[in-house]
Structure formats: structure tokens, C-alpha cells
């Protein structure tokens, strides 16, 4: 990009270059992908959380014998609406998380590239950009995930639960958690969540590297739009790699956020899980999780990539329309 020295100061071109990396297309495209996938697959997310927190010690949690049995029991005891407990914070959380994540990731990535979107980055730089984006996103959205987890874990049998732990909705949950547990309550599960940043870093590194290898094979620029099928394959493969390698942190995080448990911290939760359930406890709900996150990621990335290219083509059309009269005036 050509820097415009508007103020004549040495710092002006640098500031302009940094500001030029902030583009709304990534944010809007990320939100679109997150919202669409969440609305379609929220029931699987709810069941995954209930499997993950069921340590066999808490009597309040219902017992499910697999995915079909879980769906049948939830519909029987809580109705179809029971499958959509916590959907509001989940939509808000997923939409904002994917929006911020793609925005931060591409902003950091573009800065590393020096504004040249066709410049390929290595695995380490992709991981660096994804990890930084993950930390920033988590700090902004963790309270939403705490509320979503607790709303998903509101059972029909919670009649003896204290009123302060009965939530009527997202705003009510936010108020009660803050009132009874303070700001620390809204950031429960943050430590394993920070470890979980590796999940996004591994996923994005795998996704970007697979795309780059494919672009090299086709001998085309790395910002070329691919087909929907190609995006599906890369998104699914990258998610399976990341999910299989980092799932235990999700179990620990969900249990720390569950108001039916009373762990003293992350390490205490890990110790209890290992003591009572061995290594299998850290992989509870994995099959349901893979059944959910793989199509969710595919939907998110396909919507994101197509929305992004649509928004970028619109921007290019608008910029071209503005540039043509400007060039004509200069020629005059």
C-alpha cells in the first residue's frame, strides 16, 4: 500500500498502514458464520456440555445412555424448548467470538504480511496470529460462555436449587452471577480457556497450511476464492485435528463453570476428574462434540469465506466507482 504523508511527520505513514489493516468485512463475515452454525446445532452443544460435566458424583445431573437417549429424555422432561436452553448467550457468544476472532486474526496476519494479502506465512506465524486472536477474544467473551454453560445446565429437577442459582434468562444470569460471585464468577474457566487458545491456534494453522499447499498445487494466488466443497474439506479436517488434540480443556472448563460443582480451582478439578474417572473423564462427550463441532465449523467457515469474498468484492466495486471520477478529474 502507498502511504500518504498527510501530516508530514515520520510517524504518519506507519499509523496509516496499521489503521488500514482494520477491515469490517472479517468481523461481519465471522459473525454471520458463527450465528448460522449455532442456530442449527445448539442442541448438540447443550448435550455435549451435559455429558462433559457428568462426573458420576453429582446426583442433580440426569444420566444419559448416548446421544439418542439424551435427546429423548430432554424432550420428555423439558420439552423441545429444553434442547434450546442457553441458545441466546450461545448465539451471542458464538457470533461475537467468531466475529472478533476472524477480525483480530486477519488484522494481526495482515500486519505480519505488511499489507500484502498474497504473501504466504509459515505455520509458526499462523499459530502466533491465531493464539493472539484467541486470547483477545476469550477475554472479551468469557462471561457470555459462563452464562451459556449455566443455562444449558438448568435441569427440570433443580427444585431445591437456591434462588440465586436459578436463572430466568441471560440478563438474569449475568446479574445473579455478578451479585453472588463477583467479577471472578463471570471469569470462571478462564485458565483452561487460555490453554484452550491452542485449539484455535492448531485449527487455524492446519486450515491455512492446507489451503496454502492447495494454492501452490493449483499455482494460483493465496487469496483466490475456492469452491464450497474445498472449504468444507479443509474446515472439517482442521477441526478434527484441533478437537482431538485439545478436548480435555473443554471438560475442565465446563466443570468449573457448572454451578452444581464446587471445585477450588483448575488443578483441583483436574485431580478430582482423574481420581474418580481416570483419563476417560477428560474425554466425556467427545463423540457428541465431534458430531457437533465438525459440521458447525464447516458451516461457519463456508459462510465466512463466501460472505468475506462478497463483502470484499463490494468494497472493490465501490472503491473503483470512486476512483474513476477522481482519475478523470486529474487528467483534465
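In UniProt numbering, the protein residues as written are 1 to 332. Glycine is no exception: its CB is placed at the ideal position from the N, C-alpha and C atoms.
Exercise. Considering only the beta carbon of each residue, do residue 241 and residue 202 sit closer than 8 Å?
Worked result: Within the chain shown, the letter at position 241 stands for residue 241. Within the chain shown, the letter at position 202 stands for residue 202. Result yes, Cβ atoms of residue 241 and residue 202 sit closer than 8 Å.
For this session: Specify the secondary structure class of residue 66 as computed by DSSP and reduced to three states.
Result: On the chain shown, position 66 is the one that residue 66 refers to. In the three-state scheme derived from DSSP, where H, G and I count as helix and E and B as strand, residue 66 is classed as coil.
Exercise. Can the beta-carbon of residue 221 be found closer than 8 Å to that of residue 118?
Worked result: Along the chain shown, one-based indexing puts residue 221 at 221. Along the chain shown, one-based indexing puts residue 118 at 118. Annotated as proximal: residue 221 and residue 118, with beta-carbon spacing under 8 Å.
For this session: Take the Cβ of residue 149 as the centre, count every other Cβ of all protein chains shown within 10 Å, and call the residue buried at 16 or more, exposed below.
Result: Here residue 149 is taken as the residue at index 149 of the chain shown, counted from 1. Per the 10 Å Cβ criterion, buried.
Exercise. Who are the near neighbours of residue 312 in its chain, counting only those whose CB is closer than 6 Å to its CB and skipping five residues on each side?
Worked result: Along the chain shown, read from residue 1 onward, the residue named residue 312 stands at position 312. Closer than 6 Å at the Cβ level, and outside the excluded window around residue 312, lie 25.
Exercise. What are the boundary residues of the alpha helix (DSSP H) that includes residue 50?
Worked result: The sequence position of residue 50 within the chain shown is 50, counting from 1. In the DSSP assignment, residue 50 falls within the alpha helix (DSSP H) that extends over 24–53.
For this session: Taking 8 Å as the threshold, find out whether the region 81–98 comes into contact with the region 134–145 through three or more Cβ pairs.
Result: The region 81–98 vs the region 134–145: in contact.
Exercise. Nearest to residue 234 by CA position, among 207, 227 and 215, is which residue?
Worked result: Indexing the chain shown from 1 puts residue 234 at position 234. The shortest C-alpha to C-alpha distance from residue 234 to any of 207, 227 and 215 is the one to 207.
Problem set entry | Proximal residues to residue 127 (C-beta, below 6 Å), its chain only, five neighbours per side dropped | The residue you call residue 127 lines up with position 127 of the chain shown. Here the set comprises 201 and 205.
For this session: State the start and end residues of the unbroken alpha helix (DSSP H) segment that holds residue 150.
Result: On the chain shown, position 150 is the one that residue 150 refers to. Unbroken alpha helix (DSSP H) run through residue 150: 123–152.
Exercise. Where does the unbroken alpha helix (DSSP H) through residue 268 begin, and where does it stop?
Worked result: Counting from 1 along the chain shown, the entry for residue 268 is found at position 268. Looking at the DSSP string, the run of the alpha helix (DSSP H) that includes residue 268 is 266–277.
Exercise. Anyone know if the C-beta pair for residue 188 and residue 250 falls short of 8 Å?
Worked result: Taking the first residue of the chain shown as position 1, residue 188 is located at position 188. Taking the first residue of the chain shown as position 1, residue 250 is located at position 250. At least 8 Å separates the beta-carbon of residue 188 from that of residue 250.
For this session: Give the straight-line distance between the Cα atoms of residue 307 and residue 23, rounded to the nearest whole angstrom.
Result: What you label residue 307 is simply residue 307 of the chain shown in a count that begins at 1. What you label residue 23 is simply residue 23 of the chain shown in a count that begins at 1. Cα-Cα distance, rounded: 14 Å.
For this session: Please confirm whether residue 254 and residue 36 have their CB atoms less than 8 Å apart.
Result: If you number the chain shown from 1, residue 254 lands on position 254. If you number the chain shown from 1, residue 36 lands on position 36. Taking 8 Å as the Cβ cut-off, residue 254 and residue 36 do not qualify as a contacting pair.
Problem set entry | Alpha carbon of residue 321 to alpha carbon of residue 310, nearest angstrom | The residue given as residue 321 occupies position 321 in the chain shown. The residue given as residue 310 occupies position 310 in the chain shown. Their backbone Cα atoms lie some 17 Å apart in a straight line.
For this session: Less than 8 Å between the CB atoms is what I'm expecting for residue 101 and residue 43, so what's the real figure, rounded?
Result: The residue labelled residue 101 in the question sits at position 101 within the chain shown. The residue labelled residue 43 in the question sits at position 43 within the chain shown. With 8 Å as the limit, residue 101 and residue 43 do not qualify as a contact, their Cβ atoms being about 23 Å apart.
Exercise. Are the beta-carbon atoms of residue 288 and residue 104 separated by less than 8 Å?
Worked result: On the chain shown, position 288 is the one that residue 288 refers to. On the chain shown, position 104 is the one that residue 104 refers to. Taking 8 Å as the Cβ cut-off, residue 288 and residue 104 do not qualify as a contacting pair.
Problem set entry | Nearest neighbour of residue 195, chosen from 181, 215, 180 and 252 [CA to CA] | Here residue 195 corresponds to residue number 195 of the chain shown, with the count starting at 1. Looking at the Cα atoms, 252 is the closest of the given residues.
Exercise. Around the C-beta of residue 122, are 16 or more other C-beta atoms found within 10 angstroms, so that it is buried, or is it exposed?
Worked result: In the chain shown, the residue the question calls residue 122 occupies position 122. With fewer than 16 other Cβ atoms within 10 Å, it is exposed.
Exercise. Are residue 295 and residue 41 touching if we call contact CB-CB under 8 Å?
Worked result: For the purposes of this step, residue 295 is identified with residue 295 of the chain shown, where counting begins at 1. For the purposes of this step, residue 41 is identified with residue 41 of the chain shown, where counting begins at 1. The Cβ-Cβ distance between residue 295 and residue 41 falls below 8 Å.
Exercise. Could you give the C-beta distance for residue 180 and residue 302, rounded to a whole number, given that I count them as a contact under 8 Å?
Worked result: The residue you call residue 180 lines up with position 180 of the chain shown. The residue you call residue 302 lines up with position 302 of the chain shown. 41 Å between Cβ atoms; not a contact.
Problem set entry | Rounded straight-line distance, which links the Cα of residue 175 to that of residue 182 | Looking up residue 182 in the chain shown gives position 182. Looking up residue 175 in the chain shown gives position 175. Distance between the alpha carbons of residue 182 and residue 175: 10 Å.
Exercise. Can you name the start and end residues of the alpha helix (DSSP H) that residue 180 belongs to?
Worked result: Residue numbering aside, residue 180 sits at position 180 when the chain shown is read from its first letter. For residue 180, the enclosing alpha helix (DSSP H) stretches over residues 170–186.
For this session: For residue 285, name the three-state secondary structure that DSSP assigns.
Result: Counting from one through the chain shown, the residue named residue 285 turns up at place 285. Residue state, collapsed to three classes: coil.
Exercise. Just curious, the alpha helix (DSSP H) that residue 233 is in, first and last residue?
Worked result: Reading the chain shown from its first residue, position 233 is the one you call residue 233. Counting along the chain, the alpha helix (DSSP H) containing residue 233 begins and ends at 228–257.
For this session: Please state whether DSSP places residue 85 in a helix, a strand or coil.
Result: By 1-based counting over the chain shown, the position of residue 85 is 85. It is coil, neither helix nor strand.
Exercise. Do you know offhand how far residue 157's Cα is from residue 281's?
Worked result: For this step, residue 157 is matched to residue 157 along the chain shown. For this step, residue 281 is matched to residue 281 along the chain shown. Roughly 24 Å separates the two Cα atoms.
Exercise. Alpha helix (DSSP H) containing residue 211: first to last residue?
Worked result: Working through the chain shown from its first residue, we reach residue 211 at position 211. It spans 197–218 - the alpha helix (DSSP H) in which residue 211 sits, taken as one unbroken run.
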